[in-house]
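According to our numbering, the sequence shown is numbered sequentially starting from 1. The beta-carbon is built from N, C-alpha and C at its ideal position, and this holds for glycine as well. From a predicted model like this one, the values you see are computed outputs, not experimental measurements.
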Amino acid sequence: MTRKYDAVVVGSGHNGLTCGAYLARAGKNTLVLEQKSYVGGASVTEEFSPGFRASTYSFIMGHLHPKVINELELKRFGLEYYPQPNVFNPTEDDGIIFSKDPVKTQQQIARFSKSDAENYPKFFQRLQSTIEILRMLQMETPINPFRKDLIGLLKSMRFAWKLRNAENEMYNLMRSLSMSAHDYVSQWFENDLVKAKFMFWATIGGNVGPYSPGTAFYLVTHLVGQTGMSFAKGGMGSIAEALKKSGEAHGMEIQCDAWVQEILVRDGRTYGVRLRSGEKIYASRVISNVNVKRTFLDMVERSHLPEDFVDNVKGFRSRGMGFKLLCAVDRLPQYKGFSKEKTGTEYPAYAHICPTPEFLERAFHEAKFGWYSSEPFLSPNVPSYTDKTLAPSGKHVVAFQGGVTPYELKNSDWDKEGPQLVKNAFNVMNRFAPGFSESVLDYKLITPRDIEADINLPGGNSQHGELALDQIFFMRPVPRYADYRSPVKYLYQCGASTHPGGAVSAIPGHNAAREILADWRWKK
Ligand SMILES: Cc1cc2nc3c(=O)[nH]c(=O)nc-3n(C[C@H](O)[C@H](O)[C@H](O)COP(=O)(O)OP(=O)(O)OC[C@H]3O[C@@H](n4cnc5c(N)ncnc54)[C@H](O)[C@@H]3O)c2cc1C
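Right under this line is the structure:
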């Protein structure tokens with residue numbers, strides 16, 4: 001039987017589901033194809049040890065856009081979350097809380113430096129102004145400022161007009177794009193712990209240490225979310241489940257265990273996909289949620305693509321440097337520097353271990369030369385502290401995101417080196433939470449190679465590709481095709497490879513659907 005749809009979405013990462021759900025709501029007969037046996041991509045919850053479940057990859061829900069939550073009615077379809085407004089940074093004998101509440105954060109900083117506390121409002125204001133402009137830019141379809149036709153000119157003028165009152169914000173954004181995270185925070189702070197606390201955000205998803213130019217942008221972009229840091233109830237997979245249900249309620253179909261081998265193209269336009277099984281599924285629009293390299297280097301026959309486009313896609317840097325370590329434990333980690341009284345917090349379920357800026361930067365040194373950190377920085381989080389569905393009674397899940405682990409090791413491989421990396425991570429954790437390693441009943445290590453193999457994400461970068469100056473906005477994923485379209489007519493992109501990049505924000509999926517539906521109105 002021949003199957004035919006208005007739209008086929010390749011990949012059921014949360015962006016594929018978001019895009020599919022919007023298309024279904026607009027009345028388009030939509031099918032989402034997923035190579036794994038369940039949906040979610042990097043937004044999944046899996047059992048990693050008998051009785052213990054965790055968010056395998058992404059773990060903090062903070063970026064998911066409120067517009068998408070509301071429009072796709074995700075709460076009605078089961079999304080629930082536990083706010084985590086405090087992040088704890090331990091030292092060996094103390095610790096500091098970064099809180100959503102700026103007054104609380106300022107009081108915490110004052111315990112370590114009076115002048116840093118006085119400067120905190122200035123830092124906060126600068127950060128906030130940059131965040132505001134980024135929030136606005138996130139929802140925009142990037143313009144191509146070099147497009148020479150009338151439509152291009154009109155789009156550029158409309159964009160410039162929107163920014164007419166954002167002079168200071170744009171200057172602040174440009175600063176963050178070019179400064180190192182260390183220089184950025186040093187404008188206001190002198191205390192190492194305070195600096196390191198903010199610099200930690202700059203290490204996520206990047207491939208260079210926070211003393212390198214451009215890393216201030218990572219710091220800002222990781223704080224741009226509007227939902228507030230939270231643990232999704234049931235783990236990040238519940239976000240994907242809610243998106244799935246929302247789409248299905250409007251007729252969206254999902255087929256798992258369906259590896260898309262080829263995106264079919266004839267006379268410069270797509271007309272469907274071919275699965276690994278050989279089956280062809282026809283569609284008037286194909287939307288890829290898969291990483292840009294896999295989409296265009298593996299799924300589309302080369303003769304249909306311009307050479308410079310292919311070269312640009314090949315150049316998209318998608319190697320990751322972070323690891324995940326999921327631990328099943330028989331008790332909560334106890335940080336020796338933690339005090340309820342000093343921090344005003346019941347328990348630090350989310351922490352960043354990075355006592356000094358040097359600690360963070362050093363973790364990148366070995367990775368530059370093909371090795372992993374002997375003292376990795378870590379972000380231990382304990383979702384089971386609030387969410388009892390994740391672990392057996394009395395036991396807990398401690399999930400670490402950490403760095404730095406290159407994709408490729410010099411003269412070795414991850415099968416050989418994995419156990420030593422785990423030891424290094426446990427040694428760091430034991431220093432701040434003594435006895436931690438003895439509480440571990442089982443663990444699962446995930447390196448960039450594992451991420452690549454599991455969700456077909458080449459290089460395993462958590463953002464699909466670095467968020468560096470040459471890979472953002474009208475350069476993401478590649479110049480001239482940052483508007484969710486591609487050189488193939490009716491073939492679109494909707495994943496984290498596109499603007500505004502990685503995170504469980506659903507923004508690429510939302511923006512792509514907007515563009516697809518706009519085209520549909522013009523070209524029947
Ligand atoms: C380790 C890690 C930690 C992270 N931590 C956080 C965090 O705490 N908070 C946060 O907001 N973000 C975090 N992120 C980033 C965030 O998870 C991702 O940016 C986001 O989930 C990407 O979603 P996506 O839908 O664009 O793509 P993906 O999730 O990559 O989905 C792509 C989908 O396509 C499928 N697919 C691939 N090839 C094929 C094929 N040939 N045929 C059919 N299907 C195919 C894949 O299986 C996958 O389901 C993290 C990411 C990682 C990897």
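Looking at L325 and V422, is the spacing between their C-beta atoms short of 8 Å? Taking the sequence shown and counting its residues from 1, the one referred to as residue 422 is at position 422. Taking the sequence shown and counting its residues from 1, the one referred to as residue 325 is at position 325. Cβ distance < 8 Å, so V422 and L325 count as in contact.
Environment of H352 [buried if 16+ CB atoms lie within 10 Å]: Numbered from its first residue, the sequence shown carries residue 352 at position 352. Looking at its Cβ environment, which holds 16 or more other Cβ atoms inside 10 Å, H352 is buried.
Among F436, C327, W371 and S437, whose alpha-carbon lies nearest the alpha-carbon of A391? Position 391 of the sequence shown holds residue 391. Of F436, C327, W371 and S437, the residue nearest in Cα terms is C327.
Taking 7 Å as the cut-off, is the C-beta of H352 nearer than that to any heavy atom in ligand 1? As a first step, residue 352 must be located in the sequence shown, where it is residue number 352. Every heavy atom of ligand 1 is 7 Å or more from the Cβ of H352, so no.
Any non-hydrogen atom of ligand 1 within 7 Å of A468 CB: Here residue 468 is taken as the residue at index 468 of the sequence shown, counted from 1. Flag unset: Cβ of A468 not near ligand 1.
Let me confirm a value: F123 is counted as buried when at least 16 other C-beta atoms fall within 10 Å, else exposed. Which label applies? As a first step, residue 123 is located in the sequence shown; it is residue number 123 there, counting from the start. It is buried - the Cβ of F123 has at least 16 other Cβ atoms within 10 Å.
Can you give me the Cβ contacts of Q226 inside the same chain, cut-off strictly under 6 Å, excluding the 5 residues immediately before and after it? Here residue 226 refers to the residue found at position 226 when the sequence shown is read from its first residue. Cβ within range, chain order: P66.
Check: F377 C-beta below 7 Å from any heavy atom of ligand 1: In the sequence shown, counting from the first residue as 1, residue 377 sits at position 377. For ligand 1, not one heavy atom lies less than 7 Å from the Cβ of F377.
What does Y5 pair with, by DSSP beta-bridge criteria? Numbered from 1 along the sequence shown, position 5 holds the residue referred to as residue 5. In DSSP, Y5 forms a bridge with A283.
Could you give the C-beta distance for A181 and A196, rounded to a whole number, given that I count them as a contact under 8 Å? What you label residue 181 is simply residue 181 of the sequence shown in a count that begins at 1. What you label residue 196 is simply residue 196 of the sequence shown in a count that begins at 1. With a Cβ gap of about 10 Å, A181 and A196 do not count as contacting.
S246 in three-state terms, based on DSSP: Taking the sequence shown and counting its residues from 1, one reaches residue 246 at position 246. S246 sits in a helix when the DSSP states are folded into three classes.
Per DSSP, Q255 forms a beta bridge with which residues? By one-based count along the sequence shown, residue 255 stands at place 255. In DSSP, Q255 forms a bridge with L33.
4-residue-minimum alpha helix (DSSP H) runs that sit fully inside the stretch 306–336, ordered along the chain: Correct list: 307–315.
Alpha helix (DSSP H) runs wholly inside the stretch 79–154, at least 4 long, in chain order: The stretch 79–154 contains these whole alpha helix (DSSP H) runs: 102–110 and 114–138.
Can you find at least 3 beta carbon pairs, one from the stretch 234–253 and one from the stretch 17–25, that sit closer than 8 Å? yes
Is it a yes or a no for the stretch 465–474 touching the stretch 72–79, going by three-plus beta-carbon pairs under 8 Å? no
CA-to-CA distance, D330 to I109, given in whole angstroms: Numbered from its first residue, the sequence shown carries residue 109 at position 109. Numbered from its first residue, the sequence shown carries residue 330 at position 330. Those two C-alpha atoms are separated by around 33 Å.
Please go through the same chain and pick out, in chain order, the residues whose beta-carbon is closer than 7 Å to the beta-carbon of I507, but skip the five residues on each side of it. On the sequence shown, residue 507 is found 507 positions in, with the first residue counted as 1. The residues are H65, Q138, M139 and P500.
If you count every other CB in all the chains shown that lies within 10 Å of the CB of H304, and 16 or more means buried, which is it? Position 304 of the sequence shown, counted from the start, is the residue given in the question as residue 304. With 16 or more other Cβ atoms within 10 Å, it is buried.
Ligand 1 and W259: does any heavy atom of the ligand fall closer than 7 Å to the residue's C-beta? Here the question's residue 259 lines up with position 259 in the sequence shown. Correct: W259 has its Cβ closer than 7 Å to ligand 1.
With G320 and N461 assumed to form a contact (beta carbons below 8 Å), what rounded beta-carbon distance in angstroms separates them? Mapped onto the sequence shown, residue 320 falls at position 320. Mapped onto the sequence shown, residue 461 falls at position 461. Yes, G320 and N461 are in contact; Cβ-Cβ is about 4 Å, under 8 Å.
Taking only the alpha-carbon atoms, compute the straight-line gap between S186 and A367 and give it to the nearest angstrom. As a working note, residue 186 is residue 186 in the sequence shown. As a working note, residue 367 is residue 367 in the sequence shown. Approximately 25 Å, taken between the alpha carbons.
Can you list, in chain order, the residues of its chain with a C-beta nearer than 7 Å to that of F364? Leave out the 5 residues immediately preceding and following it. As a first step, residue 364 is located in the sequence shown; it is residue number 364 there, counting from the start. Counting only Cβ-Cβ distances below 7 Å, and skipping sequence neighbours, we find V208, G209 and V404.
If we count Cβ pairs, one from each stretch, closer than 8 Å, do we get three or more for the stretch 91–110 versus the stretch 230–238? no
In angstroms, rounded to a whole number, what distance separates the CA positions of M299 and V265? As a first step, residue 299 must be located in the sequence shown, where it is residue number 299. As a first step, residue 265 must be located in the sequence shown, where it is residue number 265. Those two C-alpha atoms are separated by around 10 Å.
Considering only C-alpha positions, which residue in the set G205, S486, R362 and P348 is nearest to F432? On the sequence shown, residue 432 is found 432 positions in, with the first residue counted as 1. Among G205, S486, R362 and P348, the Cα nearest to that of F432 belongs to P348.
Less than 8 Å between C-beta atoms, sequence neighbours within five positions excluded: which residues of the same chain meet that for A283? The residue you call residue 283 lines up with position 283 of the sequence shown. Excluding residues within five positions, the ones whose Cβ falls inside 8 Å are K4, Y5, D6, A7, V8, L31, T270, Y271, G272 and V273.
For H396, report the span of its alpha helix (DSSP H) as first-last. Residue 396 sits at position 396 when you count from the first residue of the sequence shown. Note, H396: premise wrong, no alpha helix (DSSP H); beta strand (DSSP E) at H396 to G403.
What are the uninterrupted segments assigned as beta strand (DSSP E) that are 3 or more residues long and contained completely in the stretch 365–436, given in chain order? 377–381 and 396–403
Q226 Cβ short of 7 Å to ligand 1 heavy atom set: Taking the first residue of the sequence shown as position 1, residue 226 is located at position 226. Distances from the CB of Q226 to the heavy atoms of ligand 1 are all 7 Å or more.
Determine contact between the stretch 41–48 and the stretch 438–458, defined as no fewer than three beta-carbon pairs at a distance below 8 Å. yes
Run the CB neighbour count on D387, radius 10 Å, all protein chains shown included, and call it buried at 16 or more, exposed below. To locate residue 387, count along the sequence shown from 1; it is residue 387. Classification for D387: buried.
What three-state label does DSSP hand I353 in the structure shown? Taking the sequence shown and counting its residues from 1, the one referred to as residue 353 is at position 353. In this structure, I353 counts as strand in the three-state DSSP scheme.
Hey, how far is the Cα of S238 from the Cα of V397? Stepping through the sequence shown from its first residue, residue 238 is reached at position 238. Stepping through the sequence shown from its first residue, residue 397 is reached at position 397. Roughly 17 Å between the two C-alpha positions.
Any heavy atom of ligand 1 closer than 7 Å to the Cβ of I455? Here the question's residue 455 lines up with position 455 in the sequence shown. Judged by the Cβ position, I455 qualifies as a neighbour of ligand 1 at the 7 Å threshold, a heavy atom of the ligand being closer than this.
Is H63 a contact residue of ligand 1, with contact defined as CB to any heavy atom under 7 Å? Here residue 63 refers to the residue found at position 63 of the sequence shown. Result yes, Cβ under 7 Å from ligand 1.
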